[in-house]
Amino acid sequence: MSPDAFLELVRDEVGLELAEPDLDTAFDDLEGWDSVMMLKLLGAVEQATGRPAPMMAFLEATSLRGVHAVIGP
Numbered sequence: 012m013s014p015d016a017f018l019e020l021v022r023d024e025v026g027l028e029l030a031e032p033d034l035d036t037a038f039d040d041l042e043g044w045d046s047v048m049m050l051k052l053l054g055a056v057e058q059a060t061g062r063p064a065p066m067m068a069f070l071e072a073t074s075l076r077g078v079h080a081v082i083g084p
């Protein structure tokens with residue numbers, strides 16, 4: 012999944028207006044982000060890719076860029 016497609020998925024799923032630089036922002040510093048959004052994103056990624064996401068690596072990611080790296084291209 013391209014970074015642009017991933018960012019669009021994140022925007023659609025969690026409802027936050029995010030831009031490309033936000034991919035590198037730590038979740039703790041991402042305004043409006045909470046743990047429920049991570050779980051929603053996990054489900055959305057699995058649905059979009061048609062394969063299970065590696066949950067532990069997904070949850071250990073510290074930024075959206077980290078999540079994108081976990082799910083791969």
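When we follow my numbering, the leftmost residue of the sequence shown carries the number 12, and every step to the right adds one.
Just so it is clear, CB atoms sit at the ideal spot from N, CA and C, and this is done for glycine as well.
The structure displayed is predicted, hence computed values, not measured ones.
| query | If you check the beta carbons only, do residue 37 and residue 74 fall under 9 Å apart? | reply | Residue 37 sits at position 26 when you count from the first residue of the sequence shown. Residue 74 sits at position 63 when you count from the first residue of the sequence shown. Closer than 9 Å, so yes.
| request: Give me the Cβ distance between residue 27 and residue 43, rounded to the nearest whole Å; I'm assuming they're in contact under 8 Å. | output: The sequence position of residue 27 within the sequence shown is 16, counting from 1. The sequence position of residue 43 within the sequence shown is 32, counting from 1. The pair is a contact, with the Cβ atoms about 5 Å apart (cut-off 8 Å).
| request: Report buried or exposed for residue 33, applying the criterion of at least 16 other Cβ atoms within 10 angstroms of its Cβ. | output: Locating residue 33 in the sequence shown gives position 22, counting from the first residue. Buried.
| task | Tell me whether residue 13 sits in a helix, a strand or coil according to DSSP, three-state version. | result | Position 2 of the sequence shown holds residue 13. Collapsing the DSSP output to three states places residue 13 in coil.
| query | Looking only at its own chain, which residues have a Cβ that is under 7 Å from the Cβ of residue 41, when we skip the five neighbours before and after it? | reply | For the purposes of this step, residue 41 is taken as residue 30 along the sequence shown, with counting starting at 1. Excluding residues within five positions, the ones whose Cβ falls inside 7 Å are 33.
| request: Just mark residue 11 as buried or exposed, buried being the case when its beta carbon has 16 or more other beta carbons within 10 Å. | output: Past the edges of the chain, shown from 12 to 84, lies residue 11, and the structure says nothing about it.
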